[in-house]
Every structure is written in C-alpha cells, then in structure tokens.
Amino acid sequence: MTSLIQGTLLPFALLWITSRPAAASQIPSQCISQLTEVRGFNDPQKEEYFRKRISDQNQAKRIISHITATRSLHIMCHMPVFCWISATVLQQILEQDDGKEAPKTLTEMFIHFLLIQTTRKNQKYQEGSETDRQSLLKSHKGVILKLAELAFKHLENGNLMFYEEDLRECGVDVSEASVYSGMCTEIFREECVFHHKKVYCFVHLSIQEFLAALHVFVSFLNITSYFDLFELLMRAMDKALDSKNGHLDLFLRFLVGISVESNQALLQGLLTNTHSSSETIKKTCQYIKELKRKNPSPERYINLIHCLFEMNDHSLHEEVQKYLISPDGFSGELSPGHCSALAHMLLMSEEVLDELDLSKYKTSEEGRYRLVSVVRYCQKAILADCKLTEKSCEIVASALQSANSPLRELDLSQNDLQTSGEKLLSALQSPNCKLETLRLAGCKLTEKSCEIVTSALQSENCPLRELDLSQNDLQTIGEKLYSSLQSPNCKLEKLRLVGCKLRGRFLALAHQRANSHLRELDISDSELQDCGGELLHQPLNQDCKVRLTGCRLKHSSSEVVVSVLQSYIYQLSELDMSGCDLQTSEEKLLSGLRNPDCQLEKLRLVGCKLRGRFLAVTLQWANSHLKELDISDTELQDCEEELLHQSLNQDCKVRLISCRLKHSSSEVVVSILQSYISQLSELDMSGCDLQTSEEELFSGLRNPNCQLEKLRDLLVVN
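As structure tokens, this is what we get:
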C-alpha cells in the first residue's frame, strides 16, 4: 500500500482511499491530488433514513421526534452508523417499555446498544437463561473487558486493525475472538486479507472509542486509592485537548458519560462496584465552563460542550440561546466558552445567517477566533481588524471553497495577511467560490497575494463585483492589475485603490477600461503627476463615480484632469476632487459644469483652493441637477456680488464647513439663504463666523416656506 500511495508501484494507477480524517491525515499531502469530504446526513436525510429503515411509520415518527428533541443525539445522526445504532436501540426500547428508558445521551445510547447485542448473542447460542441486565453483563464480563482493553491500547496509537498477536497481548484467545466475531458481527469483525492472514477490527471507530473509555473507567475503579475521579477526568481532558486531529474526542465524551451514576447503574455486572460521582460531575462541568487553558482549538472546545451534554448539564447552551434571543440583555463579556457554544449552535442549525460581524460581539480575541468558523454559513462576513491568525485564514479559505457556500461578501480589512494571505486568497480561484464583494484594505498584502487576486479577476465566471485594495502597496503589480481589468471575464463594478501608490499611467489606463463595467472608481490619495496626456484621451464610463480625493494634483496635471471632465462631464454622476489644487483650472471646470448635458449630482471640492467667483457660478449651475455640493474648507471672502444673485437647486445639500467667512461675506451668504431657504433641505455651515448675521439667518428660518431639514453647528439664541 505504501508503494502504491507513493507512486513507486504502478505509478499511473489512481487510488481512491476512504478513511476518517484522523487516518487520512497520515498520508503525505504531496501524494494526494484530490480530496473528497463525505459530510454525512443533513437534517432531511436523517429523517429519510429512519422512515426507510423502520417499516412501522408510527414507530419511525416517534423515533424521529425523540432524536430531534435530544440535541446531542440529533447532531450525531449526521453519521449513518449512528443512525443505525439509534434505530436498533430505540426500536427495541419502544417495543419493550414504550420508550420510558429511551436514551438521551450518546453514552446511554451505546450502553443500550452493547446490552442489545449481548442479549442477541445469548439468545442465538442459547448460552444461558439470564434475562436481567446485570446477570447478562456479568456472564460476558471477561470477553467484553478484554475487548475493551484491546480497544484502549490501540486507540492511543491510532490503530484500527488488529492481528492475532495483538489479541493475545490483551488475553483474548484467538479462537474465542473468532467465535465472538461470528456471534456478534455488529461489534467485532474477523476478516482474511493477504495470504489468509486474519485481521480483526471493530465495526466502527466509535464502538472502539466507547469500549476504550469503559476500560479506563473500570481500571479507575480498581485503583481509586491512588487518585480521585476528577483528577482522572482532568488528565483525559488535557490529553484530548492536546490532540491536533481530535482522535480522542469521542473517547472523552464516553468517559465523562460513563462516570455519571445513572450510566454506572446500567453497567452493573461489568463494574465490580460503582462510584459516587455527583460532586465530581459538578466540578467537571464548572471546570469546562471556566476553562483557563490557553487557546484550545474551537473544534476541541466544541467537544467539551458535548461533554457537558453527556453529564446532563445544558446551562451553557441555555445561556447562549438567551444571548441569541436578546443580545442586549446579556450582561458582561462573552467568554471563549460562550463563543464556542454560539458558533456550534449556529453551525448545527443549518440556517444561513445574513451577516456575521465579529466587532458586534463583546468578547476577547480568543472568543472572536472561535466565532470565525461561522463564516461557513453566512452571506456576509465582517472580520475587519480582528487580528486573524493563520488558522483563522485557513477556516475562511475552506468556507470559500466549500460546495454551496452562501458567502457573498467578505471584509478582511486591517488584518495583517502578509504570511497567510496567499493561501486564503487562492480560494478565490475555486469554482465553488461565489464571493461578490471583497475588502482587503490595509492588509499588507504581498506581491504574490496581489497577483493571486488579479489572476482570480481574469478567471472564467469570476463572481467578484466589488474589490477594495486600498492602503496596500501596489506599485509593482500595476500592469498586472490593469491586464486583469482588460480581461473579458472581469465584471468589477466598484474598485477602491485609495493610497495604493499607483502611478498616473495606470490610472489613465484604468479609466479607459472603466468604459465597460466599472461604475465606481476611487483612486484617492494617489500621485497623478505623471498621467499627462494619457489621461486626456481616455473616455469615462457612463454613470461611473470617480473619486480623486487628496491626489495632490499640480497645476499642470489638474488641468489635464479638468480637461477630461470638461469633455466627459455628461457621463459622470458623482465626482470627488477634494484636496486637489484647482486654482488655475476653474474656467475649464466651469465650462464642463455649464454643459447642458452635465449629469453631475454630487460634487465634492473640499479644500481645493477655489475662489469665491467659481463657487458663485457653481451655485448658479446647481439650479439644474446638483443634489449635493461640498465646498468646505474654502476661502469665500471674494464671492459677495456673484453669490448675491445665484439661486440654489431645490433638495440640494450644501456644506460650507470651516469656510472662514468674514463678516461681510457671511452676510452675503446669509442673504442668499434668506432668499432661497425654501429651496434647501440640508445646510452645514460649521466653523463659519456668523455673529453679525444671526437676525438675517433667523428671519429665513422663520419663513413659513423654509424646507430645511438639517442644520448643523449654528448658535441658536432665544
């Protein structure tokens, strides 16, 4: 088998190996070309199994109701083998005592399964007349405990198959094992492989794990003088938490379950004596809920929640349910334990969440880490500034690549993805990825990570419609990004490249590409000084919104931009050139604004060093289409006469924040507002000196035709 897997024997052969994750993980990754995950039954399939297996539909309905009402059993039924065990046990219990002893935990279910199989063996071979539970187990105690020892010794080493010598080491007679496997194939099997050498195994690993836990508890009862039950459970818990692949998870659940006194009573006959454990169980439950151990993985902690269920403690689960119903009514911080329970509940519900926003959960970094797994079942995930670890990124990548993933919007902004970004972003190339919006602002992306993104944009059927790469250094990949925008497969509608250190030439080419799909382009805080004539001749996409905030345009380059705007202003609906020096380009910009075809609805020119005359003419033009004008942080001292005669567009929002108005010019502005106050719906004059103009302003506000809905930062006097 090793030679086949490594390809040294029959190198062109294709192998299909079926195994549990713990065993499959032992195969070197370089030997695997394709991985298929068998997820088991979903909720409808669980019901379908019971209805098909059980001919009496009334009985099937009762079994389904019992399983559904018992959360821990319902979760386990995603495994077909557990559905089989549950059907076997519950059918017999319903027939014998009408379901009064129907198991409600995993441990109870397996104890009853052991009893049923031992009874069948007894009846088949007429070995005795024992009818009561205790006598039955006592008569088969020897072979059961020997098999339990075998199960434990080989579970530690991860062995699922045993040979004759393994059986002898545990005192199991080979002939006895053969007879036992023939009598009870539901528990233990004998098979012949190469050269007729006999191999033994348990029917399912869960049965081996149950018997291994039984062996440990029986051994504890024999040496109780050395340490108490709580110490035993703590040691087992520590060992299970140290496991990277979770191979001791079920073993731990069975061990804490067998420790419960009611389950010890079911096993009387196998156990020489019982142990009073009620206080120990309380201590163990409290220990799990207050776990101080550093950074147990979410998977291991979720198993501890199942351990609580085995000990009939549902308090943590109930607290999380209360939190989901009323988050505001939950006092204090969510513990990592609460977060694991919350994540588990959300995942097991199989309901798709509209949004997961980790910033809304009042918890620690560890708590947020445990919630990351919920991205598998949400449409929108906001994981911004959450200090994502490499493991967290692997979880997100897995979610993006999973079949039928509902994730459509992902925000990873302000996370350091230098080391883990490449693996995560590679998931964008998966055919299963349906992500439409991706935000990676300030993620310190490497050149390789950026190349992966640009490659994904060019892939066939790329679903991305919105991409934010702001605050990442894209100097070296500008050409590749431009090439991806040229691809016919690229359907980007919104692209944000704020502060990406891109050159003007790229931005010019990006404008050219914008003619196809792009509706919004934000290239604020970029150096456009080298864009020259290239930008002059590029057409802009109709309805495309362009933001050039803080682009530090010099006089020459601002003229270039304004020339473009003059030619294509009728195609733009929103423009932001805040922070650009437009002193020498006013006339060209005004010419574009006067164009009767101009469709601009929003214009932001904050701090553009424009003169009052320009602003006056702009206000005149605003009578046509403008809905929002922001000319804050601008000197208006020379605008008096021009401003006096301009009317404002109805519904237009005007912002004049910190315009440093002098008394004379403020009076001019207020006079306009007094005349046209009926046409404004929103006004912001924060930071303007209006001391001498109060009466005129209030006269306008008292006007019955005044339509102002929002007025900010003005001193109101009686």
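Using mature numbering (1 follows the signal peptide of the UniProt record, and there is no 0), the letters of the sequence shown correspond one by one to residues -24 to -1, 1 to 694.
From the three backbone atoms N, C-alpha and C, an ideal C-beta is built for every residue, glycine too.
Using the beta-carbon count (16 or more within 10 Å), is residue i buried or exposed?
{"i": "R678", "result": "exposed"}
{"i": "R211", "result": "exposed"}
{"i": "V429", "result": "buried"}
{"i": "P79", "result": "buried"}
{"i": "L26", "result": "It is Phe, not Leu, that sits at residue 26 in the sequence shown. Classification for F26: buried."}
{"i": "C7", "result": "exposed"}
{"i": "Q93", "result": "buried"}
{"i": "K564", "result": "buried"}
{"i": "I199", "result": "exposed"}
{"i": "S5", "result": "exposed"}
{"i": "V14", "result": "exposed"}
{"i": "D501", "result": "buried"}
{"i": "I(-8)", "result": "exposed"}
{"i": "G(-18)", "result": "exposed"}
Which residue's Cα is closest to the Cα of residue i: the options?
{"i": "L386", "options": "T395, L90, Q394, A403", "result": "A403"}
{"i": "S549", "options": "Q559, L566, R580", "result": "R580"}
{"i": "residue 703", "options": "C426, H88, L433", "result": "Not covered by the structure: residue 703. The range shown for the chain is -24 to 694."}
{"i": "K336", "options": "E309, R352, L565", "result": "E309"}
{"i": "Q72", "options": "Q35, L602, E141", "result": "Q35"}
{"i": "L136", "options": "S115, S182, L113, L112", "result": "S182"}
{"i": "C409", "options": "T422, C426, S435", "result": "S435"}
{"i": "H314", "options": "N288, L383, L280", "result": "L280"}
{"i": "L187", "options": "L217, K117, L401", "result": "K117"}
{"i": "G134", "options": "V65, S396, N571, N221", "result": "N221"}
{"i": "Q184", "options": "E496, S291, E207, D225", "result": "D225"}
{"i": "F285", "options": "Q262, A63, V351, S31", "result": "Q262"}
{"i": "R441", "options": "I453, K174, L414", "result": "L414"}
{"i": "S463", "options": "Q297, R352, N437, V57", "result": "N437"}
{"i": "Q2", "options": "I43, T(-23), M287", "result": "T(-23)"}
{"i": "T357", "options": "L566, E577, E412, E23", "result": "Here residue 357 is Ala; the residue named in the question, Thr, does not match the sequence. It is E412 whose Cα lies nearest to the Cα of A357."}
{"i": "T422", "options": "H54, I453, V296", "result": "I453"}
{"i": "S9", "options": "F(-13), K28, E23", "result": "F(-13)"}
{"i": "D573", "options": "S561, H601, L300, M553", "result": "H601"}
Determine, using beta carbons only, whether residue i and residue j come nearer to each other than 8 Å.
{"i": "R346", "j": "H282", "result": "no"}
{"i": "K585", "j": "L558", "result": "yes"}
{"i": "F89", "j": "I61", "result": "yes"}
{"i": "G475", "j": "Q451", "result": "no"}
{"i": "L11", "j": "S48", "result": "no"}
{"i": "H251", "j": "Q240", "result": "yes"}
{"i": "D333", "j": "Q355", "result": "no"}
{"i": "L494", "j": "L468", "result": "yes"}
{"i": "S425", "j": "L401", "result": "yes"}
{"i": "V148", "j": "L123", "result": "yes"}
{"i": "A216", "j": "F178", "result": "no"}
{"i": "H191", "j": "E125", "result": "yes"}
{"i": "F203", "j": "K259", "result": "no"}
{"i": "I40", "j": "A63", "result": "no"}
{"i": "L457", "j": "I499", "result": "no"}
{"i": "V232", "j": "L209", "result": "yes"}
{"i": "K265", "j": "L300", "result": "no"}
Would you report the Cα separation of residue i and residue j, rounded to the nearest angstrom?
{"i": "H320", "j": "I278", "result": "7 Å"}
{"i": "Q394", "j": "K420", "result": "6 Å"}
{"i": "P680", "j": "F674", "result": "12 Å"}
{"i": "K603", "j": "L323", "result": "45 Å"}
{"i": "T339", "j": "D289", "result": "23 Å"}
{"i": "I69", "j": "R38", "result": "12 Å"}
{"i": "E145", "j": "H180", "result": "22 Å"}
{"i": "R384", "j": "E366", "result": "22 Å"}
{"i": "K399", "j": "G555", "result": "38 Å"}
{"i": "F58", "j": "P20", "result": "16 Å"}
{"i": "L267", "j": "R276", "result": "12 Å"}
{"i": "Q575", "j": "L566", "result": "14 Å"}
{"i": "E455", "j": "E427", "result": "11 Å"}
{"i": "I(-20)", "j": "F138", "result": "22 Å"}
Report the CB separation of residue i from residue j in whole angstroms; it is logged as a contact under 8 Å.
{"i": "V348", "j": "S368", "result": "5 Å"}
{"i": "G583", "j": "D606", "result": "Contact doesn't hold; Cβ gap of about 10 Å is too wide."}
{"i": "L121", "j": "V236", "result": "Actually they do not touch by this definition, with Cβ atoms about 20 Å apart."}
{"i": "E342", "j": "P382", "result": "Actually they are not in contact, since the Cβ atoms of E342 and P382 sit about 26 Å apart, beyond 8 Å."}
{"i": "L416", "j": "S389", "result": "7 Å"}
{"i": "N380", "j": "D361", "result": "Contact flag wrong, Cβ pair sits at about 29 Å."}
{"i": "V65", "j": "M52", "result": "With 8 Å as the limit, V65 and M52 do not qualify as a contact, their Cβ atoms being about 12 Å apart."}
{"i": "R344", "j": "A375", "result": "No, R344 and A375 are not in contact; Cβ-Cβ is about 16 Å, not under 8 Å."}
What I want to know is whether the C-beta of residue i ends up closer than 7 Å to one or more non-hydrogen atoms of the ligand HEM.
{"i": "L190", "result": "The model on display carries no ligand, and the ligand HEM is accordingly not part of it."}
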